[in-house]
Amino acid sequence: MADRTQPLSLVGAGKAASAALLVVILGALLAVAATGTSTLRLGPSDWAALRFTVLQAVLSAAISVLLAIPLARALIRRRFPLYGLAITLLGAPFLLPVLVAVLGVLAVFGRNGLISQMMMSIGLPPIEIYGLQGVVLTHVFFNLPLATRLILQGWLSIPSEQVRLGHALGFGPSEAAQHLERPVLQAVLPGAFLVIFLICSTSFAVALTMGGGPRATTLELAIYQAFRFEFDLSRAAALGAVQVALCAVAVLAIRMVPTAPDGFGGLDATRLQLPKGGKWVRAQDIAVLLLGLGFLLFPILMILVRGFPFVSNLPDTIWMAALRSLCVAIVSVSIMLVLALPIATTLARFPTGWPHFAAALPIAVSPLVLGLGAFVGLRPWIDPGSVVLPLTAFVNAVMSLPFVLRSLVPELRKVDAHHGRLAVALGMSRSNWMRLIVLPRLRRAHGFGAGLTAALSMGDLGVIALFGSADRGTLPLAIYQLMGSYQMDAAAGAALVLMALTLCIFWIFDRGGRFNAAV
Amino acid sequence: MLRFENVLLQQGQFKLRVDWTLPRGARLAVVGPSGAGKSTLLSAVAGFLDPYEGCIFWETARIDDQPPAKRPVTMLFQDHNLFGHLTAAQNVSLGLNPSLKLNAEQTQSVEGALDRVGLGNYADRRPAALSGGQQGRVALARALIRNRALWLLDEPFSALGPGLRREMLSLVSEMAENSGATVLMVTHDPDDAVRFADYTVFVNDGVAQAPKLTNELFADPPIELRAYLGT
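So the sequences go chain by chain: A and B.
Residue 6 in the working numbering sits at position 6 of the first sequence, with consecutive numbering throughout.
Residue 712 in the working numbering sits at position 193 of the second sequence, with consecutive numbering throughout.
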């Protein structure tokens, strides 16, 4: 019998879309596995790549999480001018194209960067950035804000009664840490660590630009090298299989940690007021804020400063690449929009089941492995190089799906719960239900999701690096090629263009979702 | 006695005027429509909201310029009174020392307080392993041990069923009487007010009216209170 309490909607289409997602991803993985396992022999350098991948991911995650605690604490305890901007800054690295961040980090911490120049002026040797330290530093740049946000979200879920109770009982900073902060941290940190571990173990562009050499090669980088330089498809595939196994372990571990602590139910929107402590605590917080926000802000500022003079002299090829990137982003957003709503409807309607597995799958797969699978799978039929741009758009649409679904599904559940019975009672048709009720309520979530997808595809250097060519490349690939030929000024100029376009396109979509929105 | 001297409380557009005195040892019910400012009144006494104008006195000392922990006040919220990661005994101990370092005498008084609320055998349980009523008792034990002159109850026990709530309220009455505490309680239920409080304040339309004897007030309610009660 049909569920009479809920209007008809896109469940059928959602199951089809979930199935398509499942088939494409598992198909790509199978293609990789079939190619790789026939000659599965991992040499010493492959094991070294696995070890380095785990080592840098563990270090990056641990450092991000540990530094995030004092930063989050200082952000909760202090108010200062441009406070809102600082909070916004914490969201920026998620949108920032990886190569822009890499160039920014190099401009501050590199051999010719700000800090090296200062050190050389007092007779010290410059910083050696390439290798483990560079990879970890860049990963911390990306993930420190994420870890800080996760901790802040956790602390904001402390019931306001308990915070007031703390004030009434005379908690100082150390008692607040003991009774208010620590229980939340114990619940939040394992998950935050694992999520960042997963992000860092699949990150390719950072390893490509900051790592390299036999001692600093990640699995992703080894896949790229085996594919691009040796054209050893079976070795690339074998490495891909190892990468998938590593991700699967991390995802399973994430599923096992609790995400919310016991007894911290009430979510209160009022701002958290933890004990502010005395002069020492204040001085400590100010130092943490200056260092932490400076660490996040300076690389971005350096791109602005270094890149700006060169924007007007960029060659036409860069602007063509920028145009291609914009097209890729638009196509990627379109694919995402077609997939997301039906899948979200299905997930919202059925609390468990295989569509949930399909929707979570992209988290466990690296874009490079997906690209490799597409290459292997498509090769018998067409030249994969000729479809590298659509493929980039598709892979990025798939990769951003889990994030988009995370904002769509709760909203859809709310719409169903609030209006479902009424719509059925009114005899609303499927199309009217979607047009009049669901879509208006989802505008914000859709706008944000589209902006996110566009930003991720604009900045992506994954599939395109694997088998893209310079004359058909995207802007990130063009920047990477400029870096490879040591044209750092032009690279900085192009990076500024990429950053500006990415933030603009995100803003337009996100704003479009909010503009004149009723809810 | 608790004295509000020309107090104006302000939160955004919201304003509440308070200008009256409550005798020491009284039990006061604070009633009124939701959003009228009942909890705001308690927040001002507890120190979570500074008066925009006027002063609050306890006996002869001004308290509205003191931090919450220094005021002669202890507070019970509707829920979340206990920390989930601490045992019942530890939750009570917070009332003596927030860093939980107690000497032998203090440990004994924690045990004594738990005994008095009837939870002597539950000292090592965490809140999750206690019923709603038992959790309320632990919070009450902490209020007892803090030994403050003013108890503020913000719709306490309203998550409990009517029978259990009545039981908790009579326990509070008994404990408050024994320790000579003055009690301010926000409630939605006129029956609770009649049963528990000798004085009642009606909060409505931006004013917390002066306390009246509960029996007299409800026997002949003024027109606005009648509208609120629906009688």
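All residues carry an ideal CB built from backbone N, CA and C; glycine is no exception.
Is residue 539(B) helix, strand or coil when you go by DSSP?
coil
Helix, strand or coil at residue 575(B) [DSSP, three-state]:
strand
Short of 7 Å in beta carbon distance, which residues of its chain neighbour residue 470(A), apart from the five on each side in sequence? Order them along the chain.
481
Would you be able to state if there are at least three C-beta pairs under 8 Å between the segment 40 to 60 of chain A and the segment 279 to 286 of chain A?
Note that the segment 279 to 286 of chain A does not touch the segment 40 to 60 of chain A; fewer than 3 beta-carbon pairs, one per stretch, sit closer than 8 Å.
Beta-carbon contacts of residue 613(B) that lie in its chain and below 6 Å, excluding the five residues immediately before and after:
none
Do you know how far the Cα of residue 273(A) is from the Cα of residue 10(A)?
44 Å
Given that a residue counts as buried once 16 or more other Cβ atoms are within 10 Å of its Cβ, and exposed if not, what is residue 718(B)?
If you draw a 10 Å sphere on the C-beta of residue 718(B), you find 16 or more other C-beta atoms in it, and that means buried.
Closest Cα partner of residue 240(A) within the set 25(A), 387(A) and 32(A)
32(A)
For residue 168(A) and residue 589(B), I'd like the C-alpha separation in whole angstroms.
Cα-Cα distance, rounded: 8 Å.
What separation, rounded to the nearest whole angstrom, lies between the Cα atoms of residue 499(A) and residue 102(A)?
12 Å
Rounded Cβ spacing between residue 330(A) and residue 495(A) (contact assumed at less than 8 Å)
Wrong, their Cβ atoms sit about 21 Å apart, outside the cutoff.
Should residue 599(B) go down as buried or exposed, given a rule of 16 or more other Cβ atoms within 10 Å for buried?
buried
Alpha carbon to alpha carbon, what distance is there between residue 337(A) and residue 448(A)?
Rounded to whole angstroms, residue 448(A) to residue 337(A) spans 12 Å at the Cα level.
Assign residue 515(A) to one of two classes, buried (16 or more other C-beta atoms within 10 Å of its C-beta) or exposed (fewer than that).
exposed
For a test of the three-state rule: what should DSSP assign to residue 202(A), helix, strand or coil?
coil
Counting only Cβ-Cβ distances shorter than 9 Å, please list the residues of the segment 164 to 175 of chain A near chain B, keeping chain order.
164, 165, 166, 167, 168, 169, 170, 171, 172, 174 and 175
Suppose the cutoff is 8 Å on Cβ atoms and the five residues either side in sequence are ignored; what does the same chain contact list for residue 257(A) look like?
190, 191 and 194
Below 9 Å between beta carbons is the criterion; list the residues of the segment 190 to 222 of chain A that meet it against any residue of chain B, in chain order.
none
How about residue 446(A): is its C-beta nearer than 8 Å to some C-beta of chain B?
no
Given a limit of 7 Å on CB to CB distance, which residues of the segment 609 to 636 of chain B reach chain A?
613, 614, 617 and 618
Return the CA-CA distance between residue 692(B) and residue 672(B), expressed in angstroms with no decimal places.
12 Å
Listed by chain order, chain A residues near residue 707(B) by CB distance under 7 Å
Those within 7 Å of residue 707(B) in chain A number zero; the least Cβ separation is about 18 Å.
Near-chain A residues of the segment 590 to 604 of chain B - C-beta to any C-beta below 9 Å:
590, 592, 593, 594, 596, 597, 598, 599, 600, 601, 602, 603 and 604
Please classify residue 138(A): is it buried, with 16 or more other beta-carbons within 10 angstroms of its beta-carbon, or exposed?
buried
Could you check which residue in 527(B), 591(B), 678(B) and 604(B) has the C-alpha nearest to that of residue 569(B)?
527(B)
Under a three-way DSSP split, which group does residue 697(B) fall into?
Note: residue 697(B) maps to helix in three-state DSSP.
Does residue 354(A) pass the burial test, meaning 16 or more other C-beta atoms within 10 Å, or should it be called exposed?
exposed
Short of 7 Å in beta carbon distance, which residues of its chain neighbour residue 658(B), apart from the five on each side in sequence? Order them along the chain.
595, 600 and 601
Rounded C-beta distance between residue 359(A) and residue 64(A)? I'm assuming under 8 Å.
Contact doesn't hold; Cβ gap of about 26 Å is too wide.
So, helix, strand or coil for residue 595(B), using DSSP?
If DSSP states are grouped into helix, strand and coil, residue 595(B) belongs with the strands.
Please confirm whether residue 611(B) and residue 575(B) have their CB atoms less than 8 Å apart.
no
Which word fits residue 581(B), buried or exposed, when buried means at least 16 other C-beta atoms lie within 10 angstroms of its C-beta?
exposed
List in chain order: all unbroken alpha helix (DSSP H) runs of 4+ residues lying wholly within the segment 604 to 653 of chain B.
607 to 612 and 623 to 635
Using C-beta distances below 8 Å, list every residue in its chain close to residue 405(A), excluding the 5 sequence neighbours before and after it, in chain order.
340, 343, 344, 347 and 359
Could you tell me which chain B residues have their CB closer than 9 Å to the CB of residue 139(A), listed as they occur along the chain?
Neighbours of residue 139(A) on chain B: none; closest Cβ ~32 Å, over 9 Å.
Identify the continuous beta strand (DSSP E) that holds residue 720(B) and give its terminal residues.
First-last of the beta strand (DSSP E) with residue 720(B): 718 to 723.
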